[in-house]
Amino acid sequence: MEQQFLDQYHQCKTRFVAKEFDDLDHEDLKAFQHLRHRARQIFKSIIRDRKLGEKYDVAALTYFGVDLEFKNDNVSYLVFRSSYFIYALYEKIAELADSQAKQKEVFDLLRFIAKPLIQNIEAELDLKDESQRLLQCFIQYMLKLKDGLVTFSDWD
627 MEQQFLDQYH
637 QCKTRFVAKE
647 FDDLDHEDLK
657 AFQHLRHRAR
667 QIFKSIIRDR
677 KLGEKYDVAA
687 LTYFGVDLEF
697 KNDNVSYLVF
707 RSSYFIYALY
717 EKIAELADSQ
727 AKQKEVFDLL
737 RFIAKPLIQN
747 IEAELDLKDE
757 SQRLLQCFIQ
767 YMLKLKDGLV
777 TFSDWD
């Protein structure tokens, strides 16, 4: 079930990564909601089986589907799009020798930032706007980086 989800997740990358939620057509929205529903099942299974430490990567890539009762597709979609860029960072870090701990931390970062958005925890409501803005800026930056509009030399 996990591998099938991951295959479908990666196949959808070009379809979703550059599209804002408001730009999704009916078929895109339907496909996203299907992925979200499957992501929730997988994430719940990982938590139930106490495999979060072992399956940290799958847990992070399915985190956007955690709370279907919340019904905020726009916020869930933001986390979903961010996960593609987090995965790209993971792939780059994975190329480095002895980087296993850092690979996990990249995925933990996504869950940490998205937690106030996805889990709707009363004590963290003040962090929602901040988390949402951070993910939006991250996506904008990564899209610009992908398109060559910004480089690391711009940091000097």
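Numbering (the numbering used here), first residue to last: 627 to 782. We put the beta carbon where it would ideally sit given N, CA and C, even for glycine.
Can you give the beta carbon distance from residue i to residue j, rounded, assuming they're within the 8 Å contact cut?
| i | j | result |
| --- | --- | --- |
| residue 711 | residue 764 | 7 Å |
| residue 658 | residue 703 | 6 Å |
| residue 745 | residue 692 | 6 Å |
Please report how far the alpha carbon of residue i lies from the alpha carbon of residue j, in whole angstroms.
| i | j | result |
| --- | --- | --- |
| residue 640 | residue 678 | 28 Å |
| residue 770 | residue 665 | 28 Å |
| residue 723 | residue 731 | 15 Å |
| residue 725 | residue 684 | 18 Å |
| residue 655 | residue 680 | 31 Å |
Along the chain, where does the alpha helix (DSSP H) containing residue i start, and where does it finish?
| i | result |
| --- | --- |
| residue 638 | Unbroken run through residue 638: none, as it is neither H nor E. |
| residue 649 | Taken as a continuous stretch (DSSP letters only), residue 649 belongs to no alpha helix (DSSP H), as it is neither H nor E. |
| residue 713 | 699-720 |
Can you give me the Cβ contacts of residue i inside the same chain, cut-off strictly under 7 Å, excluding the 5 residues immediately before and after it?
| i | result |
| --- | --- |
| residue 739 | 757, 760 and 761 |
| residue 635 | 661 and 687 |
| residue 643 | 707 and 710 |
Beta-carbon within less than 8 Å of residue i's beta-carbon, same chain only, minus the 5 sequence neighbours each way: which residues are those?
| i | result |
| --- | --- |
| residue 705 | 689, 690, 736, 740, 743, 744 and 761 |
Could you name the residues of the same chain whose beta carbon sits closer than 6 Å to that of residue i, not counting the 5 residues immediately before and after it, in chain order?
| i | result |
| --- | --- |
| residue 668 | 628, 631 and 688 |
Which class does residue i belong to by DSSP, given the choice of helix, strand or coil?
| i | result |
| --- | --- |
| residue 674 | helix |
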